[in-house]
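To keep things clear, I will list the structure first and then write my remarks on it.
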Amino acid sequence: MRLPSLCLLALPLALAACNANGRRAQGDFNAAGDNLGQSHIGSGFNDIGKGFSDGANATGDAIVHTAHQVGNAFSQ
1051 MRLPSLCLLA LPLALAACNA NGRRAQGDFN AAGDNLGQSH IGSGFNDIGK
1101 GFSDGANATG DAIVHTAHQV GNAFSQ
């Protein structure tokens, strides 16, 4: 892979960590770790589910944002 291809691949992942859903996902996984560490199994697994859901939304947001940026770059 060329360097620009690697950058385009890494960009959605980086954006996922920066958007609101990414921050929520990180908070959900942190809460899951806390709950599981305190033997609150049900709450921990609930937080894990929320974390995966928010993480998927974060990735989707990042991909859409990246697609718009790439589309704008080609149109110029």
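In this text, residue positions in the sequence shown follow the working numbering: the first is 1051, and each later residue adds one.
By construction, the Cβ of each residue, glycine as well, lies at the ideal position given by its N, Cα and C atoms.
These figures come from a predicted structure and were not determined experimentally.
Residue i classed as buried or exposed, judged by whether at least 16 other C-beta atoms fall within 10 angstroms
i, result
"G1072", "buried"
"G1087", "exposed"
"G1105", "buried"
"Q1126", "exposed"
"A1123", "exposed"
Given residue i as reference, the closest of the options once Cα atoms are compared
i, options, result
"I1098", "H1115, D1084, D1111, T1109", "D1084"
"Q1076", "F1124, T1109, I1113, Q1126", "T1109"
"G1094", "N1080, H1115, N1107", "N1080"
"R1074", "V1114, G1121, N1107, G1092", "N1107"
Supposed close pair residue i, residue j - CB separation, criterion 8 Å
i, j, result
"A1070", "G1101", "Actually they do not touch by this definition, with Cβ atoms about 14 Å apart."
- Contiguous alpha helix (DSSP H) assignments of at least 4 residues, all confined to the segment 1065 to 1104: 1070 to 1087
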